[in-house]
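Engineer: In the working numbering, the protein residues as written are 24 to 107.
Quick reminder that beta carbons are idealized off the backbone N, C-alpha and C, glycines included.
Before anything else, here's the structure in question.
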Amino acid sequence: LGYRHLTVNHSINFVDPVTFATTIHIECLWKHVKNLNKRENGTVRSLLQMHLIEFMWHYEFKDEIFRKLLERILFLQAVPCRSC
């Protein structure tokens with residue numbers, strides 16, 4: 024998915040001074056994911072990855088979701104199909 028896995032050594036500090044990684048942000052994101060999951064009465068295990076991808080898309084492009092979706096569709100249409 025193109026994400027980096029960052030770590031924080033809590034015995035030294037709570038925010039990594041180089042990457043600024045913090046577990047608080049991740050815990051907050053998981054809270055939102057779990058709340059969304061509860062509102063939808065759970066998630067079928069086989070669809071969990073798709074739900075997480077959708078959540079991250081909404082989180083990343085909050086105010087421009089539709090425009091970004093159209094941009095992505097146009098990009099995918101512009102890429103020639105090698106197996107066709």
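Do the CB positions of valine 16 and threonine 30 come within less than 8 Å of each other?
Structural biologist: Any answer about residue 16 is impossible in this case: the structure gives the chain only from 24 up to 107.
Engineer: In chain order, which continuous runs of the beta strand (DSSP E) of length 3 or greater are located wholly inside the stretch 36-90?
Structural biologist: Complete beta strand (DSSP E) runs here, min 3: none at all.
Engineer: Return the CA-CA distance between leucine 75 and serine 34, expressed in angstroms with no decimal places.
Structural biologist: In a straight line, the C-alpha of leucine 75 is about 30 Å away from that of serine 34.
Engineer: Measure the Cβ-Cβ separation of phenylalanine 78 and leucine 59 and say whether it is below 8 Å.
Structural biologist: Result yes, Cβ atoms of phenylalanine 78 and leucine 59 sit closer than 8 Å.
Engineer: Mapping DSSP to helix, strand and coil, what is leucine 29?
Structural biologist: DSSP places leucine 29 in coil when its eight states are reduced to three.
Engineer: May I have the straight-line CA-CA distance separating glutamine 72 from phenylalanine 43, to the nearest angstrom?
Structural biologist: Answer to the nearest angstrom: the Cα atoms are 26 Å apart.
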